[in-house]
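Asks: Numbering (the numbering used here), first residue to last: 98 to 214. Using N, Cα and C, we set each Cβ at its ideal position, and we do this for glycine too.
1) Per DSSP, residue 154 forms a beta bridge with which residues?
2) Do the CB positions of residue 169 and residue 138 come within less than 8 Å of each other?
3) How close, in whole Å, do the beta carbons of residue 155 and residue 175 come, if the pair is a contact with beta carbons under 8 Å?
4) Quick one: what's got a C-beta closer than 6 Å to residue 210's C-beta in the same chain, skipping five residues either side?
5) Taking residue 140 as the reference, which of 157, 149 and 147 has the closest Cα?
6) Assuming residue 134 and residue 167 make a contact with CB atoms under 8 Å, what is their CB distance in whole Å?
7) Let me confirm a value: residue 146 is counted as buried when at least 16 other C-beta atoms fall within 10 Å, else exposed. Which label applies?
8) Taking 7 Å as the limit between beta carbons, can you name the residues of its chain near residue 196, skipping five residues before and five after?
Take a look at the structure:
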């Protein structure tokens, strides 16, 4: 019984770890107090010469998040992206979602709306 409990806990940790590594745009479940917005980039770190062993790279971005019920909010974050993806540039507008009232600490790349088919 203890072995099954330990295996279930280990499985949950692995799933949460894998989900936290996603740096690409995606969709998120719409929860109470969540809202879609746009991030306009005003600063982007230089692209490294080579990716890491996983084919990823760190990028530090800064910009302004705006949304339907949110005033423009300055944000800053270090992200992990696939090195093969287009490197972000100043002026890019990226979809984000965030908790209303806590934009600076809760924003994530992506959208609450599923992509149109």
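Replies: A quick look at the data gives this:
1) Beta-bridge partners assigned by DSSP to residue 154: 178.
2) Taking 8 Å as the cut-off, the beta carbon of residue 169 is found no closer than this to the beta carbon of residue 138.
3) With 8 Å as the limit, residue 155 and residue 175 qualify as a contact, their Cβ atoms being about 6 Å apart.
4) Scanning its chain for C-beta atoms nearer than 6 Å, with the 5 sequence neighbours on each side dropped, one finds no residue around residue 210.
5) Of the residues 157, 149 and 147, the one whose Cα lies closest to the Cα of residue 140 is 157.
6) The pair is a contact, with the Cβ atoms about 6 Å apart (cut-off 8 Å).
7) With fewer than 16 other Cβ atoms within 10 Å, it is exposed.
8) Hits under 7 Å: 130, 131 and 203.
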